[in-house]
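Numbering (the numbering used here), first residue to last: 80 to 649. The structure appears right after this line, and notes come after that.
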């Protein structure tokens, strides 16, 4: 666990230096378990993210843009009532637990001074955000309600007295010296990292393993020395926000971790590091929850059409045997006197053949001779007409498979707002029934596109679903803008707002096209580019489908770091 008690301490210190004494101007709740407080402090606005997400719970300053719902949730409305216009007097940590307390002061609706307390508990799936009337220690509301039926120790419900989580009764490492470490550790038992976690509050296995690693051959001399050296860094606020990247995973921490092998990337602040680490992660998790039913439906439709193609190919194979079915039917009719129910085959003379050769005809044992003949005549009629229809149906089914394959790719690269546009597209296409909406979207509402800025300042626009792609390519882009798309691979439409971009800009736009495609995790991805005037949408084509010519092709390897550096929210 990276966001441990000591990480929380470092984050509180970072927030204190930036936000203390600031005014809360706006409160937003973009997602179910996450709040954004816009705080004016030190002459500028800061966005404070409070997350009680079960997997990505954290508190940090953020530069990311979040889309807010048109109707704010009730918890958001309550926080606006009690916090907007109030002053953030203090930010502190409860002991060395992963609990951050925001003390807030302001005047209520009748002008009296009011003290509130916003408490964020970072505890995995039990994470919560609680607003408290500080004078009465009474819960006004929580982002997650927890009753005594769920937690017998305490209830987190409006009107209840706020009770802190049970104390772990561990030693404070900030106050420890080498003698204290020696007294608590049993060097004969081994597993020294686990012992550190067991004895000291705020410790995660990550930090404990780093201390053991730094001690080299851990013993009664080296381990206490490594412990105190690390704690001194924390006391002196010598943080070094670092993400360590290897082939298995990425790990972040407020200190450099040398016991983990991999590339180390350093950041100026904990918040910048967390923005980079969580780039897309929490959003993809929300998309997975929000679009799970959609992804399942699209996968089923794709599979259904794939099976349909297999059946149609068998029908086409039967079509090639049309004349043979006719021959079998006529020969059975001619030799009906020699056939009786229960026979599984009969060998008869083929009077159509010059050599009068024999033909072996399979029969259905449950049918009469006449019924067997009719079966073959029906197969003949069906096969005769199949050649005219089946190939067309196969082509149509392939088009459907390709369409659903593109939609699956778009879900993988989608943000929550993109998911709803994909759902709307399927409703408009007749694939899904329209769900009852609380608030209808304006008829002429334009899709919200993703904007990026190239290294020389040129604007690059990305469409991440078919609605966005159609709008970007067919309406927004100028005819001489440069259009890009992965070659023969499902992906996004990308437009460079320039008729003669440099090779570097084309390379950067191609990187975006490859990243927002099915080939995101591949290398040397082919990307076609041409002028928008060379891109056409055929009449009656599926949403997002285009044909193009006069293209050139370059090969790029998708790079998330490059995408982040080009990112620009508009």
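Glycine is no exception: its CB is placed at the ideal position from the N, C-alpha and C atoms.
Look at the alpha carbon of residue i and the alpha carbon of residue j, and state the distance between them as a whole number of angstroms.
i           : j           : result
residue 452 : residue 439 : 14 Å
residue 211 : residue 318 : 32 Å
residue 461 : residue 393 : 13 Å
residue 624 : residue 616 : 6 Å
residue 649 : residue 397 : For residue 649, the predicted model reports a pLDDT of 42, less than 50, meaning its position is unreliable and no value from the coordinates is stated.
residue 213 : residue 186 : 14 Å
residue 419 : residue 429 : 19 Å
residue 82  : residue 283 : 8 Å
residue 410 : residue 503 : 57 Å
residue 216 : residue 233 : 14 Å
residue 634 : residue 366 : 29 Å
residue 91  : residue 180 : 9 Å
residue 538 : residue 496 : 22 Å
residue 197 : residue 228 : 24 Å
residue 406 : residue 477 : 33 Å
residue 362 : residue 395 : 46 Å
residue 279 : residue 167 : 31 Å
residue 437 : residue 474 : 39 Å
residue 269 : residue 257 : 18 Å
With DSSP run on the structure shown, which of helix, strand or coil describes residue i?
i           : result
residue 483 : helix
residue 414 : coil
residue 446 : coil
residue 624 : coil
residue 356 : helix
residue 291 : helix
residue 603 : coil
residue 165 : coil
residue 173 : coil
residue 400 : coil
residue 543 : coil
residue 476 : helix
residue 310 : helix
residue 278 : helix
residue 511 : coil
residue 137 : strand
residue 235 : strand
residue 225 : strand
residue 240 : strand
residue 250 : strand
residue 150 : coil
residue 190 : coil
residue 185 : strand
Quick one: using the 10 Å Cβ neighbour count with 16 as the cut-off for buried, is residue i buried or exposed?
i           : result
residue 328 : exposed
residue 237 : exposed
residue 360 : exposed
residue 650 : An answer regarding residue 650 cannot be provided, because it is not within the stretch 80 to 649 covered by the chain.
residue 464 : exposed
residue 338 : exposed
residue 290 : buried
residue 300 : exposed
residue 121 : exposed
residue 321 : buried
residue 296 : exposed
residue 190 : exposed
residue 535 : exposed
residue 485 : buried
residue 142 : exposed
residue 272 : buried
residue 177 : buried
residue 377 : buried
residue 443 : exposed
residue 262 : exposed
So what does residue i bridge to, in DSSP terms?
i           : result
residue 200 : 178, 207
residue 635 : 604
residue 441 : 424
residue 529 : 541
residue 212 : 195, 217
residue 646 : 531
residue 331 : 322
residue 343 : 323
residue 609 : 562
residue 671 : Residue 671 is absent from the model: the chain starts at 80 and stops at 649.
For residue i, would you say it is in contact with chain B, using Cβ-to-Cβ distances shorter than 8 Å as the test?
i           : result
residue 539 : Reference to chain B is not applicable here, since this structure consists of a single protein chain.
Consider the C-beta atom of residue i and the heavy atoms of the ligand ATP; say whether any pair is separated by less than 7 Å.
i           : result
residue 250 : Questions concerning the ligand ATP fall outside what the structure shown contains, since it holds no ligand whatsoever.
Task: Length at least 4, wholly inside the region 558-597: the alpha helix (DSSP H) runs in chain order - done: 582-594
- [ ] Only counting runs of 3 or more residues, tell me where the beta strand (DSSP E) segments fall wholly within the region 86-133, in order along the chain.
- [x] 102-110, 113-120, 123-130
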